[in-house]
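If you read the protein sequences in the order shown, they are chains A and B. Under the UniProt record's numbering, think of the first position of the first sequence as 1, with each following residue one higher. Under the UniProt record's numbering, think of the first position of the second sequence as 1, with each following residue one higher. What follows is a single structure, written as structure tokens, with notes after it.
There are 2 protein chains.
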Amino acid sequence: MEDEVDRLVAAWRRERPDLDVEPLEVLSRVSRLARHLDRARRLAFAEHNLEPWEFDVLTALRRAGTPYQLSPGQLLTQTLVTSGTMTNRIDRLAKKGLVERLPDPSDRRGVLVRLTDEGRDRADQALAGLLDQERAILAELSRAQRGELAGLLRQLTAPFDNIPG
Amino acid sequence: MEDEVDRLVAAWRRERPDLDVEPLEVLSRVSRLARHLDRARRLAFAEHNLEPWEFDVLTALRRAGTPYQLSPGQLLTQTLVTSGTMTNRIDRLAKKGLVERLPDPSDRRGVLVRLTDEGRDRADQALAGLLDQERAILAELSRAQRGELAGLLRQLTAPFDNIPG
DNA sequence: ATCAATTTTCTTGACGTCGAGATATGTGGG
DNA sequence: CCCACATATCTCGACGTCAAGAAAATTGAT
Chain A
1 MEDEVDRLVA AWRRERPDLD VEPLEVLSRV SRLARHLDRA RRLAFAEHNL
51 EPWEFDVLTA LRRAGTPYQL SPGQLLTQTL VTSGTMTNRI DRLAKKGLVE
101 RLPDPSDRRG VLVRLTDEGR DRADQALAGL LDQERAILAE LSRAQRGELA
151 GLLRQLTAPF DNIPG
Chain B
1 MEDEVDRLVA AWRRERPDLD VEPLEVLSRV SRLARHLDRA RRLAFAEHNL
51 EPWEFDVLTA LRRAGTPYQL SPGQLLTQTL VTSGTMTNRI DRLAKKGLVE
101 RLPDPSDRRG VLVRLTDEGR DRADQALAGL LDQERAILAE LSRAQRGELA
151 GLLRQLTAPF DNIPG
């Protein structure tokens, strides 16, 4: 089955036959697939009245385990957004009653963000919904193919994740 | 080599041992890699004084071939943005002299966006730079692995690209 | 011809993010 | 002690995107 990147690559080969556009075969597919996934995620979360950014913050706290609390700084590094953005997100989540701000007992500059019971439940429900949807998307591939794909992708992500970048 | 998704999956398995989180092994890597690629692209384009969104529009026109012109509607479907966004982008590119708006001779509602000579040169230079950078990222993989990865990704993107989504 | 439905592009207002800087607290050398 | 520097979080203004809808032209059925 042909996809949009096949058409894109064919167009470049026609217009710029002097260039080697093979890298696009992999990386343009990664970018486009991510874009499609964003839209699909937005739909899946809408059933739980959550925005993708809310899910990202709530699940970061959920993964931390009891007592489900992290500093804003830790949330920054996990979600790859800037501090201004995170302040705004915490404000809105707190207003919805999904998280609460607590003073950090060991550092008076600091704050701890803790998941409320409702926040934890919402995160758990949304995760289950997301996984169902992702399974449907991945049904195109056999289990062995999924494993292979995960391994190849890991080789590309590891340098970004391990070198300070 | 371990990556951030390995850590993320391990955390979920600890916190939610009841859930099958295998889908994340593939799709979280796709999303995270796309995010890293966005940052890398931004850096590569900065050397040519282009923003990623400018590149997207200019190269869509470039790929169309002479006379390098498309309607705003055609640009929408290629770049996956909304019409308000595209109007804004065309305005700014026109102000920079990289594209120009022409009336569509066959439909008086319509407009054609045409690449200027400078726009074409800038697009060509930026593409060469992008490909260099992408080749460096993909150097982690052998040619055979890149082909395999491209094929597996195509199976996932094809349904999105071919079913009206 | 006429009119409703469709298509194409642009306008507008709300929203979320970023980046730079402000404020407050903590840390270590002299 | 004191001061410079580092760290943690928040504030604020600019910017790009989106969604909804307005304006203008085309199409097709009657």
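C-beta: ideal position from N, C-alpha, C; glycine also.
- For residue 98/A, there is no enclosing alpha helix (DSSP H), as DSSP gives it neither H nor E.
- The continuous beta strand (DSSP E) containing residue 111/A extends over residues 111-115.
- Residues of chain A whose Cβ lies closer than 7 angstroms to the Cβ of residue 145/B are, in chain order, 152.
- Straight-line spacing of the CA atoms in residue 61/A and residue 115/A works out to 6 angstroms.
- Residue 125/A counts as exposed, since fewer than 16 other beta carbons sit within 10 angstroms of its beta carbon.
- If you check the CB distance, residue 23/B and residue 135/A come in under 8 angstroms.
- Taken through DSSP and simplified to helix, strand or coil, residue 103/B comes out as strand.
- In this chain, the alpha helix (DSSP H) harbouring residue 44/A covers 22-46.
- Taking a 10 Å sphere around the C-beta of residue 84/A, we find fewer than 16 other C-beta atoms and assign the residue as exposed.
- Annotation for residue 54/A: the continuous alpha helix (DSSP H) segment containing it runs 52-63.
- Within 10 angstroms of the beta-carbon of residue 59/B lie 16 or more other beta-carbons, which makes it buried.
- Identification of chain B residues near residue 157/A by a Cβ-Cβ cut-off of 8 angstroms yields 3, 4, 5, 29, 32, 33 and 36, ordered along the chain.
- In the assembly as shown, residue 139/B is an exposed residue. Its beta-carbon has fewer than 16 other beta-carbons within 10 Å.
- Rounded to the nearest whole angstrom, the C-alpha separation of residue 19/A and residue 90/B is 27 angstroms.
- In the pairwise beta carbon analysis, the stretch 64-79 of chain A is classified as touching the stretch 103-121 of chain A: at least three pairs are separated by under 8 angstroms.
- Nearest in C-alpha terms to residue 159/B, of all of 86/A, 16/A, 27/A and 32/A, is 32/A.
- For residue 15/B and residue 65/A, the gap between their C-alpha atoms comes out near 6 angstroms.
- Residue 161/A and residue 25/B have their C-alpha atoms spaced approximately 15 angstroms apart.
- With respect to chain A, the C-beta atom of residue 160/B has a partner C-beta closer than 8 angstroms.
- Within chain A, 11, 14 and 15 have C-beta atoms less than 9 angstroms from the C-beta of residue 65/B, given in sequence order.
- Spatial neighbours of residue 99/A in its own chain (CB-CB distance under 8 angstroms, excluding positions within 5 residues in sequence) are listed in chain order as 57, 58, 61, 90, 93, 113, 114, 115, 116 and 119.
- Chain-ordered listing is empty here: chain A has no CB closer than 7 angstroms to the CB of residue 51/B, the nearest sitting near 15 angstroms.
- Among the bridge pairs identified by DSSP, residue 70/B is matched with 113/B.
- Any Cβ of chain A closer than 8 angstroms to the Cβ of residue 21/B would place that residue at the interface, and such an atom is present.
- DSSP places residue 88/B in the helix class (H, G or I) of the three-state scheme.
- In this structure, residue 148/A lies away from residue 8/B, with their beta-carbon atoms at least 8 angstroms apart.
- Residue 47/B and residue 127/B have their C-alpha atoms spaced approximately 12 angstroms apart.
- Interface criterion met: the Cβ of residue 137/A is under 8 angstroms from a Cβ in chain B.
- Contact between residue 80/A and residue 35/B holds: their C-beta atoms lie close to 6 angstroms from each other, under 8 angstroms.
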